[in-house]
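Each residue of the sequence shown is one higher than the last, beginning at 0 in numbering that gives the first Met the number 0.
Built from N, CA and C at the ideal position, the CB exists for glycine as well.
Below is one structure, written out as structure tokens; the observations come after it.
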Amino acid sequence: MTKYDKNIYKTKLKKIDEKLATIKKSYQKNLDNQESTKRGNQIGFAFRLATELVAGFVVGGIIGWYLDKWLGTLPIFLFLFFALGAAAGVSNIIKTAKKLNNNDQE
């Protein structure tokens, strides 16, 4: 082999290395984008569950408070509907989590 042949192979190897480096960079960017999207979906799901739970408490408490105020039986309906709202919130969380679990398995 002559010196000229070695230089040709070196330049070809450099070009191949450069192409591989650009492919690796683009592949890594795709992985990073997928990971950040997945993380964002999980955070959104957590906020949704928390909102459903809090909404159950708040709606139950408001209904109970207004019923007590209207009927003049102050803490009875407040406690009753607060507990019912909590049960409804937990029930909604369980249903939503089951749906997510079924979607992940498919």
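Euclidean distance between Cα positions of residue i and residue j
i	j	result
Thr10	Asp16	10 Å
Val57	Asn101	29 Å
Ala86	Leu48	14 Å
Trp41	Leu83	A quick correction: the sequence has Gln, not Trp, at residue 41. Near 28 Å, if we compare the C-alpha coordinates of Leu83 and Gln41.
Ile75	Ile61	13 Å
Val89	Gly59	13 Å
Thr21	Lys97	42 Å
Lys18	Tyr8	15 Å
Leu12	Gly39	40 Å
Asn29	Tyr65	53 Å
Lys14	Thr95	52 Å
Neighbour flag for residue i against chain C, beta carbons, 8 Å
i	result
Lys5	The structure shown contains no chain C; it holds only a single protein chain.
C-beta atoms of residue i and residue j nearer than 8 Å
i	j	result
Gly55	Phe80	no
Ile92	Leu52	yes
Phe44	Leu99	yes
Exercise. Are three or more beta carbon pairs between the region 69-89 and the region 11-27 nearer than 8 Å?
Worked result: With the cut-off at 8 Å, the region 69-89 and the region 11-27 do not touch.
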